[in-house]
Structure formats: structure tokens, C-alpha cells
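Engineer: Numbered by our numbering, the letters in the sequence shown go through residues 165 to 794 in order.
All C-beta atoms, glycine included, are put in the ideal place defined by N, C-alpha and C.
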Amino acid sequence: MKFINLTLHNFKSFAGDHEFNLDRPHGLYFLKGENKSEPRLGANGSGKSTIWDALFWTLYGKTLRGLKASNVRTWWLSGSCETSVEFVKDGVFFFTVRRSWNPNSLTITEGNGPSRIVTQDDLEEVLGLGPDEFENAFIIGQFSHMFFDLASAPKLALFSDIMGLQYWMDCSADASAQVKVLGNDQHEIELEIASLDGRLEQGEEALEEARRLHLDFKTLSANTLMDQQDKLEKSQKDLTASNKELKKHDHLDELQSAIDEMEDKIEELTSKRSVEGDKLKSARGKMDKAYAKIEVVEEELYKFEGVEDTCPFCNQTVSKAHIKKEVKALQKKKDKLNEEFFKWDAEDSKYSKILDGINLNVTNLVKDIGPKRINWKIAQETVHEIKSDIQQDQGEIDKHKENIKRIKTEKNPYRDQIDSSMKNISALKKSRKESNEELKDTLTDLEGSKFWVKGFKDLRLFLVEEALLMLEVEVNNCLIQLGLINWEVKFDVERETKSGTVSKGFQVLIRSPDNEELVPWEAWSGGESQRLRLGGTMGLANLILQRKGMVSNLQIWDEPSQHLSPEGLEDLVDLLAQRAQTLNQQIFLVDHNSYDYGGFEAVFCVEKGHGGSQIVVTEDEIRLRDGGGR
Ligand SMILES: Nc1ncnc2c1ncn2[C@@H]1O[C@H](COP(=O)(O)OP(=O)(O)OP(=O)(O)O)[C@@H](O)[C@H]1O
Ligand SMILES: [Mg+2]
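(1) Using 7 Å as the cut-off, classify the Cβ of H182 as near or not near the heavy atoms of ligand 1, replying yes or no.
(2) Taking only three categories from DSSP, how would you classify T171?
(3) Going by beta-carbon coordinates alone, are S177 and G211 separated by less than 8 Å?
(4) Just to confirm my understanding: we take D181, look at its own chain, exclude 5 residues before and 5 after, and list those with CB closer than 8 Å. What are they?
(5) With DSSP collapsed to three states, give me the class of R794.
(6) Contact defined as beta carbons within less than 8 Å: I believe R695 pairs with W332. What is the distance between those atoms, to the nearest angstrom?
(7) Cα separation between L219 and K712?
(8) Name the DSSP bridge partner or partners of T481?
(9) On a Cα-Cα basis, can you pick out the residue from F175, D417, E352 and I538 that is closest to L241?
(10) Taking only three categories from DSSP, how would you classify W688?
(11) Is it right to say G776 is buried, meaning 16 or more other beta carbons lie within 10 angstroms of its own, or is it exposed?
(12) With three or more C-beta pairs closer than 8 Å as the rule, is the segment 297-310 touching the segment 706-721?
(13) Would you say D512 and R437 are within 8 Å of each other, going by their C-beta atoms?
(14) Could you pull out every residue in the same chain whose Cβ sits closer than 6 Å to the Cβ of I281, ignoring the five residues on either side in sequence?
(15) Under DSSP, the alpha helix (DSSP H) around Q400 begins and ends at which residues?
(16) Note down, in chain order, each residue of its chain lying with its Cβ closer than 6 Å to the Cβ of D349, except the 5 sequence neighbours on either side.
(17) Look up C769 in the DSSP assignment and give the residues it is bridged to.
(18) When you compare the CB positions of L635 and F655, do they come within less than 8 Å of one another, or not?
(19) Closer than 8 Å by C-beta to Q480: which residues in its own chain qualify, once you throw out the five before and the five after it? Chain order, please.
(20) Give every residue whose Cβ lies closer than 5 Å to any heavy atom of ligand 1, listed in chain order.
(21) Nearer than 7 Å: is that true of the beta carbon of D722 relative to any heavy atom of ligand 2?
(22) Taking all protein chains shown into account, do 16 or more other C-beta atoms lie within 10 angstroms of the C-beta of G470, making it buried, or fewer, making it exposed?
(23) What residues in its chain sit with their C-beta under 7 Å from that of I168, if we drop five residues either side in the sequence?
(24) So, for R675: in the same chain, excluding its five sequence neighbours on each side, which residues have a beta-carbon less than 6 Å away from its beta-carbon?
(25) Since I533 and E427 are thought to touch, with beta carbons under 8 Å apart, how far apart are those beta carbons, to the nearest angstrom?
(26) Just the Cα atoms here: how many angstroms apart are R794 and A321?
(27) Compare the beta carbon distance of V780 and Y759 with 8 Å and say whether it is the shorter of the two.
(28) For G367 and S585, I'd like the C-alpha separation in whole angstroms.
(29) Which same chain residues, not among the five before or five after L740, have their C-beta less than 7 Å away from its C-beta?
(30) Cβ-heavy atom distance between Q719 and ligand 2 below 7 Å?
(31) To the nearest whole angstrom, what separates the beta carbons of L419 and N525, a pair I think is in contact under 8 Å?
(32) Looking at C-beta atoms only, is the number of pairs between the segment 503-512 and the segment 442-457 that lie closer than 8 Å three or more?
(33) Checking 8 Å against the spacing of the C-beta atoms, do E560 and K395 come in under that value?
(34) Kindly examine ligand 2 and report whether one of its heavy atoms sits closer than 7 Å to the Cβ of Q726.
(35) Is the separation between the beta-carbon of E771 and that of K319 shorter than 8 Å?
(36) Using a threshold of 7 Å, is the CB atom of Q306 nearer than that to any non-hydrogen atom of ligand 2?
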């Protein structure tokens with residue numbers, strides 16, 4: 165990261181507009197101060213630290229001591245406070261970050277593009293560094309705790325943050341959460357499998373039952389069919405027999421015709437008999453009449469017997485001739501009547517004979533027709549019975565045929581049940597297989613996740629070891645430059661104890677030419693500690709930039725000289741100058757003390773008067789700007 169420029173507007177003691185070029189040649193620069201408004205304070209309170217506060221505030225929205233918002237605007241002014249930083253990232257991307265308070269705004273401009281409002285997170289993503297990393301790599305602040313000064317836990321936390329080691333703890337926690345989720349999944353899948361097994365067992369029982377019922381139905385159907393076929397056969401035999409029997413009674417019609425014929429004959433004879441009877445009756449009536457008349461005539465004739473001359477009827481005397489005549493007439497009449505009588509008698513005989521003939525015929529016919537009628541009746545009843553049997557047989561045949569057809573076409577209702585049971589079992593088996601696969605995958609994942617719960621922690625420890633080695637190398641290099649020849653720094657961080665627990669902490673241990681054993685750095689004097697502290701801070705700064713793959717053109721050391729002896733100060737300045745050359749950086753040494761050192765690239769003075777602070781360019785700076793240089 166290459167810083168180009170910094171501007172301040174009404175920022176803390178810098179009232180009005182100020183600009184500070186950060187794109188200077190590499191080398192060690194000295195920033196001193198002069199408090200003209202309160203001369204007794206000397207360089208104190210002039211505004212030296214404020215410049216770097218402005219840089220930090222622009223990038224992170226707070227000062228190096230954590231002040232925000234209204235605290236950064238120049239106390240005696242109203243209106244807004246604004247700062248901006250220009251920098252180049254990765255050697256090509258030119259950015260301008262501008263932050264203001266009242267109104268609040270944070271914008272970023274890339275190259276000549278339009279400025280856009282961004283969040284702090286957006287900005288930090290562009291910067292690629294968080295505030296802690298920035299503070300430890302760029303501005304070793306006057307009030308910042310140096311790395312070695314931090315207590316063991318914050319030291320470890322900072323180290324973890326910088327090395328991104330928390331990431332692996334998070335990964336381990338994620339793996340642990342995943343173990344829990346997968347464990348629940350495993351439990352649920354096992355429950356599902358148990359439920360599927362239960363349902364499968366039920367399904368198989370249902371299939372077995374359906375198959376049994378299917379077979380029962382089939383057997384029953386076959387038996388019923390056989391029974392119906394037997395019955396059909398029997399009914400057909402019965403029908404054949406009945407038809408045969410019926411055939412035997414074919415003469416019934418002939419018999420009927422004969423009876424009819426005889427009846428007709430009887431009827432005809434009866435009517436003839438009536439006619440002939442009438443004739444007989446008429447002849448007999450006439451015969452009777454003739455006979456009665458004969459009797460009358462015979463009576464009259466009788467009366468004339470012995471009569472001589474007296475009329476027997478009128479008692480008058482009549483002649484014998486007359487009487488004779490009378491008798492003769494009567495005889496003649498009698499003869500005629502007799503003749504008539506015999507005529508009718510002959511008629512009577514004739515008709516009687518005819519009637520006798522008719523009666524004989526009728527009697528014979530009646531005699532003949534009786535048995536015939538009985539035979540006919542018996543035969544007719546038999547035929548009726550046979551026909552009724554035939555009808556019944558036909559009915560039976562139809563019924564059996566219908567039953568056979570029905571049985572043959574009838575669908576086994578348990579076929580569907582078998583099909584649906586088989587489908588159900590197949591679906592359940594498929595689900596069971598899928599669940600087994602799922603369980604297998606889950607168990608594999610679970611094993612993997614269980615492995616990574618520890619695996620990520622192990623990886624983290626491995627990375628910690630690696631990072632510590634790098635830090636040790638960086639710090640030990642700086643110690644030599646700080647005059648601590650044959651001194652060695654060793655770090656010890658959390659380790660897994662024998663009992664499997666992790667002992668947390670970050671210990672700095674020192675070996676010097678005077679002690680073979682490693683001892684805590686807190687054991688050393690103020691000056692020694694300050695050199696070790698500076699070495700630790702430089703080493704950490706190098707490590708941060710190295711880890712981020714960053715090259716910086718700037719580093720600020722604000723008041724690092726406490727506790728240092730004059731030799732220590734000399735070593736510090738030499739080391740910083742050497743670092744500036746090696747790292748190709750502008751290193752700003754900010755101090756209220758003056759240094760008798762001719763190697764500064766330039767010296768700046770921050771003067772604070774009644775109107776506020778301002779950066780005054782010293783003669784050295786003018787010399788440099790004019791192309792002089794050392
Ligand atoms: N918002 C503000 N407006 C105006 N002045 C402020 C504001 N905040 C702080 N100051 C003052 O700005 C001055 C400069 O402070 P700074 O910390 O930059 O001094 P310094 O030069 O680093 O001094 P030292 O050598 O003591 O560290 C101080 O006197 C401080 O009281
Ligand atoms: Mg200061």
C-alpha cells in the first residue's frame with residue numbers, strides 16, 4: 165500500500181485546511197513540534213500525533229485513542245470536519261477516501277471515477293486490513309500498547325486476529341455444529357428407517373394376506389365353476405331326457421284329434437237323434453191319434469152291435485139298411501184309420517230303429533271316448549309336467565351358463581390388492597434404499613466432520629507454530645539491529661496439555677548472553693524491555709505486511725523513545741533509518757525530544773499557535789524539495 169497524500173479540514177487542533185504529502189522518497193523523517201500558544205509545554209500538545217489520528221480516523225472512523233464524531237472537530241469552530249487520504253493499492257489502483265463529520269459521510273473514489281458512498285466494511289475490504297492490523301503495521305501510536313505490553317490473552321487474541329487463526333477455530337466450531345446437525349440427521353434417518361422397516365413388515369404381511377385371499381378366491385372360483393359345469397351338464401342331461409320323454413307323447417295331438425272327432429260325431433249323432441226323435445214323436449203322436457180315432461170308431465161300431473132299427477145315438481127308428489150303411493161307413497173309417505195307424509206304426513218302427521242305431525253309435529262312441537279322454541288327460545298332465553321340467557331344466561341351464569360366464573369373466577378382487585401391496589412394498593424398499601444411502605452419506609459426513617472438529621484445531625496449532633517461527637525470525641532480526649547481539653526471543657502459545665486440554669496464553673521468553681535458560685521478558689530492565697518491545701513491534705509489523713502480501717511506503721513511530729538510554733536512542737534512530745532503506749519506506753519518527761542526528765531525510769515541525777496547529781516545513785525539507793538531499 166502506497167500512501168500519497170493526507171488532507172485535514174477542522175480536524176482537532178488543525179483548524180482550517182491542511183495537507184501533508186505522504187509520497188516522499190524513502191528514508192527516516194523526523195516530526196517535531198512547538199507549542200507556541202503554551203510555550204512552557206515545549207513540543208507537547210503541538211499537534212504531532214493529530215496528523216496520524218487524522219490518517220487513522222479517515223480509514224477507520226475513530227482516533228488512535230478511540231475518539232469518534234464530535235470530538236474530532238476543532239473545538240472552537242462550527243461546521244463540518246473532513247479529512248481525506250489518497251493511496252495506491254497493489255501498485256495500480258488509485259483510491260481517495262474521504263470522511264466527514266457533520267454531515268457524516270464516507271466516500272471512496274477509484275481513479276478518476278465517481279465517488280461512491282461506502283460502509284466501513286466496504287472500505288476495510290478495499291484496505292485489506294482491520295484497525296488493529298493497521299495500527300500494528302503502520303502507526304505505532306503514542307498511546308497504543310506495543311505487542312509485548314499486552315497481557316497474555318489480548319496478545320494471543322491480537323496474534324490470532326492478525327494470523328486469521330480464529331478462522332480455524334470458527335471452522336472447528338462450524339464442524340462441531342455440523343456434527344450436531346448430522347447427529348440429528350442420523351437420528352432422524354434412523355427413525356425414518358425404523359418406521360420404513362415397520363411399514364415394510366406391515367406391507368409384506370398385507371401382501372401375504374392378499375395372496376392368501378387371492379388363492380382362496382381362485383380356488384373357490386374354480387370349485388364353483390366346476391360345480392356349475394357339473395350342474396349344467398346334469399341339467400342338459402335332464403333336458404335331453406325330458407325332451408326324449410316328451411317325444412314319447414307325440415300322439416297326444418292325434419289322441420286329441422280323435423277325441424275331437426268323436427265328440428263331433430257324438431254331437432252330430434245327438435243332433436240327428438233329436439231330429440229323428442222328433443220324427444218318431446210325431447209319428448207316434450199320429451199313431452196315437454189314429455188309434456184313439458179307431459177306438460172311437462170301434463166304440464161307435466160296438467154301439468151298432470145288435471141294433472136293428474133304432475138309432476143308438478138318437479134313438480130314432482132307422483132302417484136296417486141305414487144301420488148297415490152306418491156300420492159300413494164306420495168300418496170303412498176304421499179301416500182307413502187302421503191303415504193310417506199302421507202307416508204311422510211303420511214310421512214309428514222305422515224311426516225307433518234309426519234311433520236305436522243312433523243310440524247304439526252314441527253309446528259306443530261314449531264308451532270309446534271315456535278311456536281316450538282319461539288317457540289324454542293322463543298324457544296331457546304328463547306332458548305338462550315334462551314341459552314344466554323342460555322349462556325348469558332350461559332355466560337351470562341358462563342360470564348355470566350365466567354363472568359360468570360370470571365366474572369366468574369375474575376379476576379376482578384381491579389382484580388389485582396384491583398389485584397395490586407390491587407397489588407399496590417396492591416404493592418402501594426404494595425409500596429404504598435411499599434412506600440407507602442417506603444414512604451412509606450422513607455417517608461418512610459425520611465421521612468427516614468429527615475429524616475436522618479436531619482437525620481444524622490441529623491445523624490451527626500447526627499454523628500457530630508456523631506463524632510463531634516467522635515472528636521469532638522477524639523479531640530476532642530486529643533485535644540484532646537494536647543492539648541486542650546474541651539475544652533471542654522465543655514465543656510460546658497455547659498448547660494441548662497431556663490431559664488433552666488446551667492451555668491458553670502467549671508468553672514471550674528471552675534468552676540473553678547472560679542467561680542460558682529462557683526467562684519472561686518482563687524480567688528485563690526498562691531500557692532493555694523497550695528495545696525488546698520495539699523489536700517485537702517491528703517483527704509483528706513485518707509479519708502483518710508479509711501475511712497480507714503488502715508492501716507499505718509508510719510507517720510512523722510516535723514517541724518510541726521512553727526508557728531508552730542515549731545509546732538506546734542512537735540505536736533506535738539507526739535502526740529506523742536502516743529499516744526505511746531496507747523496507748523502502750518513509751518512516752516518521754515523532755518525538756517531543758530533539759535528536760542530534762544528521763541522517764534524517766527531512767525534519768518537519770508542527771507548530772501550534774492561537775489559531776491552531778500547522779505543519780511547518782523546516783530548512784531541511786526545503787533543501788530536500790529543492791533537490792539537495794543528503
Ligand atoms: N477537537 C479538538 N480541537 C482542538 N484541539 C484539540 C482537539 N482535541 C485535542 N486537541 C488538542 O490538540 C493538541 C494537539 O494534540 P497532540 O496529541 O497532537 O499533541 P502532540 O504534539 O502529539 O503532543 P505530545 O508531545 O504531548 O504527544 C492538544 O493540545 C490537544 O488538547
Ligand atoms: Mg503526541
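Structural biologist: From the atom records:
(1) Outside the cutoff, so no.
(2) Residue state, collapsed to three classes: strand.
(3) A contact, by the Cβ cut-off of 8 Å.
(4) T171, L172 and H173, listed in sequence order.
(5) Reliability of the predicted coordinates at R794 is poor, the pLDDT of 40 falling under 50, and no value is obtained from them.
(6) Distance from R695 to W332 at the Cβ level is roughly 33 Å; contact not present, criterion being Cβ atoms closer than 8 Å.
(7) A direct Cα-Cα distance of roughly 20 Å separates L219 from K712.
(8) Answer is T474.
(9) Measuring from the Cα of L241, the nearest candidate turns out to be F175.
(10) Here W688 carries a coil assignment [DSSP, helix/strand/coil].
(11) Under this definition G776 is a buried residue.
(12) Touching, per the Cβ criterion.
(13) Cβ atoms of D512 and R437: not closer than 8 Å.
(14) Counting only Cβ-Cβ distances below 6 Å, and skipping sequence neighbours, we find T271.
(15) Counting along the chain, the alpha helix (DSSP H) containing Q400 begins and ends at Q330 to K412.
(16) If the five residues before and after D349 are omitted, its C-beta is found closer than 6 Å to the C-beta atoms of T606, all from its own chain and listed in chain order.
(17) According to the DSSP secondary-structure assignment, C769 is paired through a beta bridge with K196 and V780.
(18) Against a cut-off of 8 Å, the Cβ pair of F655 and L635 comes out as a contact.
(19) If we look at Q480 and ignore the five residues flanking it on each side, its Cβ neighbours are T474.
(20) Matched residues: K176, S177, G197, N208, G209, S210, G211, K212, S213, T214, T238, W239 and H756.
(21) Answer for D722: yes, Cβ within range of ligand 2.
(22) Counting the other Cβ atoms within 10 Å of the Cβ of G470 gives fewer than 16, which makes it exposed.
(23) Excluding its 5 nearest sequence neighbours in each direction, I168 has C-beta neighbours in its own chain below 7 Å: L186, D187, E250, F251 and V252, listed in chain order.
(24) If we look at R675 and ignore the five residues flanking it on each side, its Cβ neighbours are E652 and L682.
(25) The C-beta distance from I533 to E427 rounds to 7 Å, short enough to fall under 8 Å.
(26) With a pLDDT of 40 at R794, under the threshold of 50, the modelled position of this residue cannot be trusted; read the value that follows with caution. Note on geometry: alpha-carbon atoms of R794 and A321 lie some 43 Å from one another.
(27) No, the Cβ-Cβ distance between V780 and Y759 is not below 8 Å.
(28) Looking at the backbone, the Cα of G367 and that of S585 are separated by about 6 Å.
(29) L192, W721, I751 and L753, listed in sequence order.
(30) Not under cutoff, so the answer is no.
(31) The beta-carbon distance between L419 and N525, rounded to whole angstroms, is 20 Å. This is too long to meet the 8 Å contact definition.
(32) Counting C-beta pairs closer than 8 Å gives three or more between the segment 503-512 and the segment 442-457, which meets the contact rule.
(33) Yes, the Cβ-Cβ distance between E560 and K395 is below 8 Å.
(34) Taking 7 Å as the cut-off, one finds no heavy atom of ligand 2 near enough to the beta carbon of Q726.
(35) Cβ distance not < 8 Å, so E771 and K319 don't count as in contact.
(36) Distances from the CB of Q306 to the heavy atoms of ligand 2 include at least one below 7 Å.
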